[in-house]
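S.K.: A single structure is presented below for examination.
There are 2 protein chains.
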Amino acid sequence: MTKVKVAGFGVSLDGFAAGIDQSLDNPLGVRGPELFQWFFPTQSFRQMQGKEGGETGPDDEFARRAMAGFGAFILGRNMFGPVRGEWPDDQWKGWWGDNPPYHAPTFILTHYPRPPIEMEGGTTFYFVTDGIEVALQKAREAAGGKDIKIGGGAETVRHYIRAGHVDEIHLAVAPVVLGEGESLFSGLDLRALGYRTVEHVPTARATHIVLAK
Amino acid sequence: MTKVKVAGFGVSLDGFAAGIDQSLDNPLGVRGPELFQWFFPTQSFRQMQGKEGGETGPDDEFARRAMAGFGAFILGRNMFGPVRGEWPDDQWKGWWGDNPPYHAPTFILTHYPRPPIEMEGGTTFYFVTDGIEVALQKAREAAGGKDIKIGGGAETVRHYIRAGHVDEIHLAVAPVVLGEGESLFSGLDLRALGYRTVEHVPTARATHIVLAK
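As given, the protein sequences belong to chains C and Z, one line each in that order.
For the first sequence, the numbering used here gives the first residue as 1, with consecutive numbering after it.
For the second sequence, the numbering used here gives the first residue as 1, with consecutive numbering after it.
Pasting the structure below:
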């Protein structure tokens, strides 16, 4: 049965997710790269970029789980493009070039209707203007029984968690404080929502935690 | 030269410190014990209780660093007793029995003046009603050049951090979400205050992080 997951979600010790002040020059946002020091050296990340080599081990396994095997993805608007309100132009096709790392139907939450964009490698971007419930319904239909990943950003993840739709949350807690940013946890009582830690895998670069209901 | 430290400070993934709804039956507060699963099995903790055995290794080393070698301690009022406003009675001598684990002058922040209490094993409790700056000054005088530990709770730690007095913060991040409690990080921009991660030691039970300026 389809599960809805948050996976590979980088968060700082003080609870901030990447993504403030994203820009074309800095797509992960200010200090965002500090949250993904566990991810960049992995074989999985290097393969996403068409590169050889990279590290294997627990970080790589979590990186792989965070991207592979999903039947559909849902992304908040700011995950797709850097400008609030509108994308830079109508030709904007996301951060990832011609062959995005999703390889599955990917639903973008937005206020701006736009026809679907079929990319290379199996990714098609669909633009959903009817809110998170409709996006999830469309993702379920598209996923063919496979799992769905809520790909971020923090606000989108928080919406789906609050609405009770997320079965599993994999956090990669980076050993840094960011000080500012979008808080993942603020006002979100994961305990009251039923989440408990089901996996805890610390590595030299992150503490991987899987929460499930 | 004397350094001011926060050490062995348990915090959940979602940034909550132990200590809500402390009571005589539950001195660590609701779910507080979940934050100290790294601490209880250590040799250091068992020795504090006059017991043999216990685990050695990184958790034990951090436990030892969190208690030993300090010239003075400063505690918030709720670290000393369970009742807000007043201690249960004038005979209340803290949670720890006749021989508290401090073995050094220990300054309690309170609004209620009280004569010092000399305990067994080198701990003397002093009650300071003039605020955090005066308490720190007295602790410096008493510490004889050794380090000073701000022993908690979260509010007291936050006050001293904000005031710029804390040189080093050791957090033991437990692999759990608490959902509610006293937030350590809320409104506290540790990055802007100059803190960076200087040690990161993950274990099976906690992620130990030392932040310093």
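The C-beta atom is built at its ideal place from N, Cα and C for all residues, glycine as well.
1. Could you work out which residues of chain C lie near Z:H200, taking near to mean beta carbons separated by less than 7 Å?
2. Please list, in chain order, all residues of the same chain as Z:P113 whose beta carbon is under 7 Å from its beta carbon, the five residues on each side excluded.
3. Cβ closer than 7 Å: which chain C residues qualify as neighbours of Z:F185?
4. Grouping DSSP H, G and I as helix and E and B as strand, with all else coil, what is Z:K93?
5. C:S44 and C:L178 - do their beta-carbons sit closer together than 7 Å?
6. Looking at the unbroken alpha helix (DSSP H) that takes in C:V157, where does it start and where does it end?
7. In the DSSP assignment, the alpha helix (DSSP H) including Z:R77 goes from what residue to what residue?
8. Just curious, the alpha helix (DSSP H) that C:E61 is in, first and last residue?
9. Using only alpha-carbon positions, find the residue among C:P100, C:A66, C:V166 that is nearest to C:M119.
10. Taking buried to mean at least 16 other C-beta atoms within 10 Å of its own C-beta, is Z:H170 buried or exposed?
11. Using only the alpha-carbon positions, how far apart do Z:G152 and Z:P105 sit?
12. Say whether chain Z places a C-beta atom closer than 7 Å to the C-beta of C:A192.
13. Using the Cα positions of C:R64 and C:W38, report the straight-line distance between them to the nearest angstrom.
14. If we cut at 7 Å on Cβ distances, does C:I209 have a partner in chain Z?
15. Buried or exposed, going by whether 16 or more other CB atoms sit within 10 Å of the CB of C:A192?
16. Counting only Cβ-Cβ distances shorter than 9 Å, please list the residues of the region 94–123 of chain C near chain Z, keeping chain order.
17. Quick one: what's got a C-beta closer than 8 Å to Z:Y160's C-beta in the same chain, skipping five residues either side?
18. If you check the beta carbons only, do C:G15 and C:L35 fall under 7 Å apart?
19. Cα-Cα, which of Z:P58, Z:V157, Z:G121, Z:H111 is closest to Z:W96?
20. With a threshold of 7 Å between beta carbons, is C:D90 in contact with chain Z?
M.R.: In this structure, then:
1. Taking a Cβ-Cβ threshold of 7 Å, the residues of chain C close to Z:H200 are P175, in chain order.
2. If you ignore the 5 residues before and after Z:P113, its C-beta comes within less than 7 Å of the C-beta of F127, T129, all in its own chain and listed in chain order.
3. What Z:F185 touches in chain C: D14, G15.
4. Z:K93 falls in the coil class under three-state DSSP.
5. Annotated as distal: C:L178 and C:S44, with beta-carbon spacing of 7 Å or more.
6. Annotation for C:V157: the continuous alpha helix (DSSP H) segment containing it runs 154–162.
7. Counting along the chain, the unbroken alpha helix (DSSP H) around Z:R77 starts and ends at 77–80.
8. Secondary structure note for C:E61: its alpha helix (DSSP H) is the uninterrupted segment 58–67.
9. Closest by alpha carbon: C:P100.
10. Buried, because 16 or more other Cβ atoms sit within 10 Å of the Cβ of Z:H170.
11. Rounded to whole angstroms, the separation of the alpha carbons of Z:P105 and Z:G152 is 15 Å.
12. Chain Z contact via Cβ: present.
13. Cα-Cα distance, rounded: 12 Å.
14. Yes, C:I209 lies at the interface with chain Z (some Cβ there is under 7 Å from its Cβ).
15. Taking all protein chains in view, the Cβ of C:A192 is surrounded by fewer than 16 other Cβ atoms within 10 Å, so the residue is classified as exposed.
16. Of all residues in the region 94–123 of chain C, none has a C-beta nearer than 9 Å to a C-beta of chain Z.
17. Counting only Cβ-Cβ distances below 8 Å, and skipping sequence neighbours, we find V4, V6, I74, I132, L136, I150, V166.
18. With respect to the 7 Å criterion, C:G15 and C:L35 are not classified as neighbours on the basis of their beta carbons.
19. Closest by alpha carbon: Z:G121.
20. With 7 Å as the cut-off, C:D90 does not count as an interface residue toward chain Z.
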